[in-house]
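Numbering (the numbering used here), first residue to last: 794 to 1015.
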């Protein structure tokens, strides 16, 4: 559940959230569904300045008589979200997992051909970076983007006979492979095309249309 508010509207926003949680609890009870308040958490999203102002006076969010804990980050459908929406911890966890998998793949590198190596990296390693990249891709800091590209570079060195100090970009181009930044652009463009073509989900269509109108107004202004 999500609600947007200004720092001076904190109390009224939490009251609305608590009322919604009460209605959800009652609906669940009527349909014999069990909610677990101990597994539910609260997060404040925003800049450090905004979060500091809100945290100092935030009323408690309650669910079924239990006060929910405020946390700096939480996992949602495999995506680790933090208050500033920079997703650094999410990328770091992926990096550790990817390099662990790559270490295992190196054990039988000499027993498989190049095509199989590429397939293994795509399915077991790079697929983890593809997941939800349309959510976190545009929010990453420059240093986090370098971490993601570093993972693909390591995969390229596993797949192809690359000299130790050689650049990876020519290797990717030679084998018709997109770098991670281009992959994100492709995934986002595919998402955008699907939303515009099918006219759903409505909230994404609204956001895209709002952005396009804003962009067109800037173009007209200049």
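Yeah, the Cβ is synthetic: ideal placement off N, Cα and C, and Gly gets one too.
Residues that DSSP places opposite residue i in a beta bridge
i           : result
residue 872 : 869
residue 860 : 855
residue 834 : 862
Buried versus exposed, by CB contacts within 10 Å (16 or more), residue i
i            : result
residue 960  : exposed
residue 1011 : Summary for residue 1011: the model assigns pLDDT 49, below 50, so the residue's position carries little reliability, and this model does not support an answer.
residue 822  : exposed
residue 794  : exposed
residue 1015 : Note that residue 1015 has pLDDT 44, beneath the 50 cutoff, so the model's placement of it is unreliable and the number below is only indicative. Counting Cβ neighbours within 10 Å, residue 1015 comes out exposed, since fewer than 16 surround it.
residue 970  : buried
residue 946  : buried
residue 814  : buried
residue 876  : buried
residue 826  : exposed
residue 934  : exposed
residue 847  : buried
residue 1002 : exposed
residue 941  : buried
residue 914  : buried
residue 891  : buried
residue 926  : buried
residue 989  : exposed
Short Cβ contact (8 Å threshold) for residue i with residue j
i           : j           : result
residue 861 : residue 948 : no
residue 854 : residue 810 : yes
residue 929 : residue 980 : no
residue 904 : residue 951 : no
residue 807 : residue 852 : yes
residue 871 : residue 924 : yes
residue 984 : residue 992 : no
residue 867 : residue 921 : no
residue 968 : residue 953 : yes
residue 812 : residue 830 : no
residue 944 : residue 888 : yes
residue 803 : residue 832 : no
8 Å contact criterion, which residue i and residue j should meet: CB distance rounded
i           : j           : result
residue 879 : residue 932 : 6 Å
residue 886 : residue 873 : 6 Å
residue 856 : residue 818 : 7 Å
residue 938 : residue 916 : Actually they are not in contact, since the Cβ atoms of residue 938 and residue 916 sit about 23 Å apart, beyond 8 Å.
Margin query: Could you tell me which whole alpha helix (DSSP H) segments of length 4 or greater appear in the stretch 948-973?
Written below: 962-967
Tell me the start and end of each unbroken alpha helix (DSSP H) in the stretch 874-942 that is at least 4 residues and wholly inside, in chain order.
-> 881-898, 907-914, 920-923 and 926-929
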